[in-house]
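Accompanying notes for the structure given below.
Protein chains: 2
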Amino acid sequence: MSDAQAPEKRRAPVKEGKESKKESKEGDERHEAIYRAVSDAIVEQRLKPGARLREDALADVFGISRTGIRKILQRLALEQLVTLTPRRGASVTRPTADEAKDVFDARQLIECGLMPDVARRMGEKEAAELREMAREERQALRSGQQSVAIRLSADFHVRLAQLSGNATLAEFVERLCSRSSLILAVYGHRGHLGCESHDHDDLIGYLEAGNGERAKAFMSRHLKAIEASLSMVEEEENVPDLQQIFGG
Amino acid sequence: MSDAQAPEKRRAPVKEGKESKKESKEGDERHEAIYRAVSDAIVEQRLKPGARLREDALADVFGISRTGIRKILQRLALEQLVTLTPRRGASVTRPTADEAKDVFDARQLIECGLMPDVARRMGEKEAAELREMAREERQALRSGQQSVAIRLSADFHVRLAQLSGNATLAEFVERLCSRSSLILAVYGHRGHLGCESHDHDDLIGYLEAGNGERAKAFMSRHLKAIEASLSMVEEEENVPDLQQIFGG
DNA sequence: GATGGAATTACTGTATACAACAAATAGCAT
DNA sequence: ATGCTATTTGTTGTATACAGTAATTCCATC
């Protein structure tokens, strides 16, 4: 992530070493791991939209106090994976149809716009890495691990964006892909996954050939196909409109 | 959600600090206000890049405890306005030249791409609002309030993006504009502000006429002009190269 | 039996205390 | 006087305690 990694000032090596480091040296890593665990669970739909995320429960599970949990929940909230309602706590975000449209429109604009840059910077090593990712994704799909496949697909798109060389836009794409996974989990048909077939492999081909425009057009169709595969039925059983139901 | 446009309710000034505890009915608003205060101070360069933001000091100034301050600092860190170094605390981010390039490339892609949509949804009321914003900006510039002008300019671009109807992309633009203000504050020449002249008014004209493509091209030039006006000298006095300085 | 209200419960919001760590400073030896 | 080590200090990281509020349950009343 874009967390700051300041160039560390080297202090004079202390040979003392009288006390070995305590276990708590990298509490930061632990936080990152927990964040990833929760994030993945949401993206893979093991935590379903609307599910409540109680601070106590999470603190209990991960063995840290509520303080750390709150920090993580807030980060997830800023990424719009969880929703924080003032005195009701946190829950997994349930994307609306409008939000879904916004997200896919945004991906259309950004990811497609990035393709020429990616094509320009695409080398042999990068292509190989992407192919490996695509392979893993297909494998997960074949073995029935649909949730994992959704996440791997998102990873693929993110890696692609990173190859553009623009870290800021890559971060945006990362956020959009996370939310997309959530959207797919809600509105997607079971067994009809978004990035199936060999779309990703085809895309790599165009990029490797340096054909940015072709890749751009292909990405556009690819995203449109995913969006089209969704069934955008907003289940609004939350607030039944009595007026409308009982004639007004 | 984009929380920006909320017309802020001004609370009555609390005279008695004593009862401030009870006052916490809307602690959320207070937090939002503090966030805005710090954010604005950074964007307007009253807090200069590199400035340390000690939790105690901030907690003292705003009359809340470190807990709330940490929350706000973390949000600012996620928006990359402040940098959080593990056990050294928070400081105002000093954008690098690379980051600056990424940010402006991103704006080029997103803001320009949004223009057609904006043109399509542009009505009389929206145009009037934008003109008013542009007016305020010019006025601030004329009266020597450069920092305020920078912020107002950012507000203009954000409002524009919001008019596209895509909340997600508007939020991205908001973040990019904040960072741009920081970049301008660091790399911009004094007295040679980015969005001067009547660029914004011209842009409104094209949009009002429904000429999305024209607006897009104009926005592209506008952003290029701002970027070109920066003096991208990375002051690297951190690590003076003694070899080079003293003969070699 | 249903409805409204009061007491209870469960959970979040905030502050604060304490521990851990890095920097600054003083002290000591060479 | 210089360089290294120890102590002190300042600041963040984490946990916990307490307070306040929404949800729930139970009881009384209609």
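Just so you know, the sequences run in chain order G and R.
Residues 17 to 264 (this note's numbering) make up the first sequence, in order.
Residues 17 to 264 (this note's numbering) make up the second sequence, in order.
By construction, the Cβ of each residue, glycine as well, lies at the ideal position given by its N, Cα and C atoms.
For clarity, every value in this text was computed on a predicted model and none was experimentally measured.
Against chain G, the CB of residue 240 of chain R has no partner CB under 8 Å away; the residue lies outside that interface. For the segment 77-100 of chain G, the residues whose beta carbon sits under 7 Å from a beta carbon of chain R are, in order, 87, 90, 91 and 94. Boundaries for residue 249 of chain R: no beta strand (DSSP E) harbours it, and the DSSP string shows neither H nor E there. Residue contact check for residue 231 of chain G against chain R: no CB pair falls below 8 Å. A straight line joining the alpha-carbon of residue 119 of chain G with that of residue 245 of chain G spans about 15 Å. Within the same chain, and ignoring the five residues on either side of residue 133 of chain G in sequence, the residues whose Cβ sits closer than 6 Å to its Cβ are 180.
Taking a cut-off of 8 Å for Cβ pairs, the segment 52-72 of chain G and the segment 85-95 of chain G touch, as three or more such pairs fall below it. Put simply, the backbone Cα of residue 100 of chain G is about 25 Å away from that of residue 184 of chain G.
Only residues of its own chain outside the window of five on either side were considered, and among them 75 have a CB closer than 6 Å to the CB of residue 81 of chain G, listed in chain order. Residue R/235 holds the alpha-carbon nearest to the alpha-carbon of residue 217 of chain R among R/235, R/202, R/205 and R/200. Residue pairing from DSSP places residue 107 of chain G in a beta bridge opposite G/68 and G/99. Pairing residue 131 of chain R with residue 194 of chain R, the inter-Cα distance amounts to about 20 Å. Residue 189 of chain R places its beta carbon less than 8 Å from that of residue 127 of chain R.
Residue 88 of chain R and residue 69 of chain R have their C-alpha atoms roughly 11 Å apart.
Against chain G, the CB of residue 44 of chain R has a partner CB under 8 Å away; the residue lies at that interface. Exclusion of the five residues before and after residue 230 of chain R leaves 222 as the residues of its chain whose Cβ lies within less than 8 Å of its Cβ.
With a threshold of 16 other beta carbon atoms within 10 Å, residue 123 of chain R meets it and is buried. Along the segment 123-150 of chain R, the positions whose C-beta sits under 7 Å from a C-beta of chain G are 125, 126 and 129, read in chain order. In this structure, residue 108 of chain G keeps its C-beta atom at 8 Å or more from the C-beta atom of residue 146 of chain G. Within the same chain, Cβ atoms closer than 7 Å to the Cβ of residue 167 of chain R are found at 56, 59, 60 and 197, the five residues on either side in sequence being excluded. Excluding five sequence positions before and after residue 85 of chain R, the CB atoms of its chain that fall closer than 7 Å to its own CB belong to 71, 74 and 75, given in chain order.
Around residue 119 of chain R, the beta-carbon contacts reaching into chain G at under 8 Å are 184. Exclusion of the five residues before and after residue 106 of chain G leaves 69, 89, 98 and 100 as the residues of its chain whose Cβ lies within less than 6 Å of its Cβ. Taking a Cβ-Cβ threshold of 7 Å, the residues of chain G close to residue 188 of chain R are 188, in chain order.
Distance from the CA of residue 138 of chain G to the CA of residue 116 of chain R, rounded to the nearest whole angstrom, comes to 23 Å. Where residue 221 of chain R is concerned, the enclosing alpha helix (DSSP H) starts and stops at 215-224. DSSP places residue 178 of chain R in the helix class (H, G or I) of the three-state scheme.
Nearest to residue 144 of chain G by alpha-carbon distance, out of G/243, G/240, G/220 and G/44, is G/220. Taking all protein chains in view, the Cβ of residue 205 of chain R is surrounded by fewer than 16 other Cβ atoms within 10 Å, so the residue is classified as exposed. Interface flag for residue 102 of chain G against chain R is set, since a Cβ pair is found closer than 8 Å. A straight-line Cα-Cα distance of about 43 Å links residue 232 of chain G and residue 155 of chain R. Residue 214 of chain G and residue 65 of chain R have their alpha carbons spaced roughly 47 Å apart. Membership of residue 86 of chain R in the alpha helix (DSSP H) is indicated by the continuous run 82-94. Non-local beta-carbon contacts of residue 202 of chain G in its own chain, meaning distances under 7 Å to residues more than five positions away in sequence, involve 65, 110 and 111 in chain order.
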